[in-house]
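What follows is a set of notes on a single structure, which appears directly below.
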Ligand SMILES: [Zn+2]
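In this note's numbering, the protein residues as written are -2 to 437.
Below, the structure written as structure tokens:
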């Protein structure tokens, strides 16, 4: 007798009458992990699960380029299992796990461990991000080639949480990843200009008497890095861009043909430094919440394509790390389970983006930047069955008790937001139905 641990193949799924990319109304039939057919009034094979998607938008599964899963080393705040459950609830079918774990993901061994944990959790694809420098110490390059050629096939490298500040190291990293079409994702923050910084430097920081975090600390690094990327002919990705000046620099670089891409987080599309007045540490984040003029500029940059993608920077923290005086509290917010509601609220419901644009900024382009050929694919027969059915109509208050993340440091608790996840499908398997996780 043999033991077979392979799960049975998922049953076919027929998504009936949804609006493909928010456009034409059609049916989508998923069979054997692939999109088999798209068209009106499809017939379903025996045993098919039928989803009534009238009034819903059908999108490719979302792809997050910037997720902190905290494993290994930070399992009290999140694990690969809980973080990918949160991802599935948010409509994601792939996440990129940042390298600032303990130990740091700076070797083939650690990135393979993270990828394996993702495979065995099975809620979405986990693609590890490799550290640029050993131990994120900013002193010497990590084994980028070994991580790229490992089974985890790392293509995105980042010291996120820290900036690769040394221009010589940054240049070498950009040169190095060209060999395997990798990309350096920079957390743009001049460490000297932000020593002791507690919030955005401006009117509010002056009134509150908190040490400010000037916009130029971000902008000066981005300006340097786009020039370095141009000089060596390599790909640069700017993490969580947050200021109007940063948008201008990226726009300038793109006009010159420099291979730069940029991301904005949902929270920088919505919240401003005015939130800090209450000293509620849920609003403490890196980079800090900026001004309304910055929010307007990053929305405009996302709308006109200067900013390529939305990435969550999901950063779970223990209650103990957040329930402190402002200056002692950890920086970061959870974000996987609220990303699409925030994007719908700030960009779609305002007319700045269409649902087809949402597919681009939250699925297709993040997958392209990460050179992930399995995700962010066009919704057409033959593509992998990574799918999201989103109902944009319901509105409800954010309740972290419903969240799958192990941490509760959401800045949106109690805020009424639009949209509801009707269905997430990862590789043909239904992971979420009507907002609830579907256990295997
Ligand atoms: Zn960061």
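In this text, a Cβ means the ideal position worked out from N, Cα and C, and glycines have one as well.
Q: Measure from the C-beta of residue 7 to each C-beta in chain B and report whether the shortest distance is under 8 Å.
A: Judged by its chain identifiers, the structure shown contains no chain B, having just a single protein chain.
**Q.** One or two residues paired with residue 128 in a DSSP bridge
**A.** Translated into the one-based positions of the chain shown, residue 128 becomes position 131. Looking at the DSSP output, residue 128 bridges to nothing.
Q.
Just checking residue 275 against ligand 1 - is the residue's beta carbon closer than 7 Å to any of the ligand's heavy atoms?
A. One-based indexing of the chain shown puts residue 275 at position 278. The nearest non-hydrogen atom of ligand 1 is 7 Å or more from the C-beta of residue 275.
Q | Length of the line joining the Cα atoms of residue 143 and residue 328 | A | Looking up residue 143 in the chain shown gives position 146. Looking up residue 328 in the chain shown gives position 331. Approximately 31 Å, taken between the alpha carbons.
**Q.** Which listed residue (10, 236, 17, 237) has its alpha carbon closest to that of residue 40
**A.** Within the chain shown, numbered from 1, the residue matching residue 40 stands at position 43. Residue 10 is the option with its Cα nearest to residue 40.
Q | Residue list, Cβ distance to ligand 1 heavy atoms smaller than 7 Å | A | Those residues having their beta-carbon less than 7 Å away from any non-hydrogen atom of ligand 1 are, in chain order, 157, 158, 184, 236, 237, 283, 310.
Q: Put residue -1 into one of helix, strand or coil per three-state DSSP.
A: Position 2 of the chain shown holds residue -1. Below a pLDDT of 50, predicted positions are generally treated as unreliable, and residue -1, at 48, falls in that range; the measurement from the model is reported next regardless. The three-state secondary structure of residue -1, taken from DSSP, is coil.
Q. Which residues bound the beta strand (DSSP E) around residue 234?
A. Here residue 234 refers to the residue found at position 237 of the chain shown. Counting along the chain, the beta strand (DSSP E) containing residue 234 begins and ends at 233 to 235.
Q. Going along the chain, which residues of its own chain have a beta-carbon closer than 6 Å to the beta-carbon of residue 418, five neighbours each way excluded?
A. Position 421 of the chain shown, counted from the start, is the residue given in the question as residue 418. Residues 88, 429, 432 of the same chain have their beta carbon placed closer than 6 Å to that of residue 418, with the five preceding and five following residues left out of the count.
(Q) Which complete beta strand (DSSP E) runs does the segment 21 to 83 hold, if anything under 3 residues is left out? (A) With a minimum length of 3 residues, the continuous beta strand (DSSP E) runs that stay inside the segment 21 to 83 are 22 to 28, 31 to 36, 46 to 49, 54 to 57, 59 to 64.
Q) Are the segment 373 to 391 and the segment 17 to 37 touching, with three or more C-beta to C-beta distances below 8 Å? A) Taking 8 Å as the limit for Cβ pairs, the verdict is that the segment 17 to 37 does touch the segment 373 to 391.
Q. Among all the DSSP beta bridges, which residues are the ones paired with residue 328?
A. The residue given as residue 328 occupies position 331 in the chain shown. Answer is none; residue 328 lacks a bridge partner.
Q) Taking the alpha-carbon positions, what's the residue -2 to residue 37 distance? A) Here the question's residue -2 lines up with position 1 in the chain shown. Here the question's residue 37 lines up with position 40 in the chain shown. Its pLDDT being 44, under 50, residue -2 is placed unreliably in this model, and the value from its coordinates should be taken loosely. In this structure, the CA atom of residue -2 is about 46 Å from the CA atom of residue 37.
Q: Return helix, strand or coil for residue 229, following the three-state DSSP convention.
A: For the purposes of this step, residue 229 is taken as the residue at position 232 of the chain shown. Note: residue 229 maps to helix in three-state DSSP.
**Q.** Own chain partners of residue 174 with C-beta closer than 7 Å, once the 5 adjacent residues on each side are dropped
**A.** Along the chain shown, read from residue 1 onward, the residue named residue 174 stands at position 177. Its chain contains 141, 154, 180, 181, 231 as the residues whose beta carbon lies nearer than 7 Å to that of residue 174, once the 5 sequence neighbours on both sides are disregarded; these appear in chain order.
Q) residue 35 to residue 378, Cα distance in whole Å? A) Along the chain shown, read from residue 1 onward, the residue named residue 35 stands at position 38. Along the chain shown, read from residue 1 onward, the residue named residue 378 stands at position 381. Using only the alpha carbons, I get a separation of about 7 Å.
(Q) Quick check on residue 228: buried or exposed, where buried means 16 or more other Cβ atoms within 10 Å of its Cβ? (A) Numbered from its first residue, the chain shown carries residue 228 at position 231. With fewer than 16 neighbouring CB atoms inside 10 Å of its own CB, residue 228 falls in the exposed class.
(Q) Quick check on the DSSP output: the beta strand (DSSP E) that includes residue 16 runs from which residue to which? (A) The residue labelled residue 16 in the question sits at position 19 within the chain shown. Per DSSP, residue 16 belongs to the beta strand (DSSP E) from 10 to 17.
Q.
For residue 306, list the residues DSSP reports as bridge partners.
A. On the chain shown, position 309 is the one that residue 306 refers to. Answer by DSSP bridge pairing, in chain order: 260.
Q. Using the C-alpha atoms, what's the distance from residue 426 back to residue 434?
A. For the purposes of this step, residue 434 is taken as the residue at position 437 of the chain shown. For the purposes of this step, residue 426 is taken as the residue at position 429 of the chain shown. Each residue's Cα considered, the two are about 12 Å apart.
Q: From the DSSP output, read off the bridge partner residues of residue 339.
A: Here residue 339 corresponds to residue number 342 of the chain shown, with the count starting at 1. According to DSSP, residue 339 bridges with nothing at all.
Q. Mapping DSSP to helix, strand and coil, what is residue 417?
A. Within the chain shown, residue 417 is the residue found at index 420, counting from 1. It is a strand residue.
Q: With DSSP as the reference, label residue 276 as helix, strand or coil.
A: The residue labelled residue 276 in the question sits at position 279 within the chain shown. For residue 276, the three-state secondary structure derived from DSSP is coil.
Q: Within 10 angstroms of the Cβ of residue 438, are there 16 or more other Cβ atoms? Answer buried if so, exposed if not.
A: Missing from the structure shown is residue 438; the chain here goes from -2 to 437 and no further.
Q. Would you say residue 57 and residue 260 are within 8 Å of each other, going by their C-beta atoms?
A. By one-based count along the chain shown, residue 57 stands at place 60. By one-based count along the chain shown, residue 260 stands at place 263. 8 Å or more divides the Cβ of residue 57 from the Cβ of residue 260.
(Q) Let's test the definition: count the other Cβ atoms within 10 Å of the Cβ of residue 347 and tell me whether it reaches 16, buried, or not, exposed. (A) If you number the chain shown from 1, residue 347 lands on position 350. By the 16-neighbour rule on beta-carbons within 10 angstroms, residue 347 is exposed.
**Q.** Straight-line Cα distance separating residue 108 from residue 156
**A.** Numbered from its first residue, the chain shown carries residue 156 at position 159. Numbered from its first residue, the chain shown carries residue 108 at position 111. Cα to Cα, the separation comes out at about 14 Å.
Q.
Below 8 Å on the Cβ atoms is my contact criterion, and I expect residue 214 with residue 252 to pass it. Report the Cβ-Cβ distance as a whole number of Å.
A. Looking up residue 214 in the chain shown gives position 217. Looking up residue 252 in the chain shown gives position 255. Going by Cβ atoms, the distance from residue 214 to residue 252 rounds to 24 Å, so no, they are not a contact pair.
Q: Could you pull out every residue in the same chain whose Cβ sits closer than 7 Å to the Cβ of residue 50, ignoring the five residues on either side in sequence?
A: On the chain shown, residue 50 is found 53 positions in, with the first residue counted as 1. Once the five neighbours on either side are set aside, the close Cβ partners of residue 50 are 12, 13, 14, 15, 386, 419.
Q) Between which two residues does the alpha helix (DSSP H) harbouring residue 244 extend? A) Reading the chain shown from its first residue, position 247 is the one you call residue 244. In the DSSP annotation of this structure, the continuous segment of the alpha helix (DSSP H) that includes residue 244 starts and ends at 241 to 252.
**Q.** Inter-stretch contact at 8 Å, needing at least 3 Cβ pairs: the segment 369 to 376 / the segment 234 to 249
**A.** They do not touch, by the three-pair rule.
Q) Distance, Cα to Cα, residue 170 vs residue 106? A) Position 173 of the chain shown holds residue 170. Position 109 of the chain shown holds residue 106. About 20 Å.
Q: Give the secondary structure of residue 298 by DSSP, where H, G and I count as helix, E and B as strand, and everything else as coil.
A: Here residue 298 refers to the residue found at position 301 when the chain shown is read from its first residue. Helix, per DSSP.
Q. Excluding the five sequence neighbours on either side, which residues of its own chain have a C-beta within less than 6 Å of the C-beta of residue 371, listed in chain order?
A. Within the chain shown, the letter at position 374 stands for residue 371. Counting only Cβ-Cβ distances below 6 Å, and skipping sequence neighbours, we find 381.
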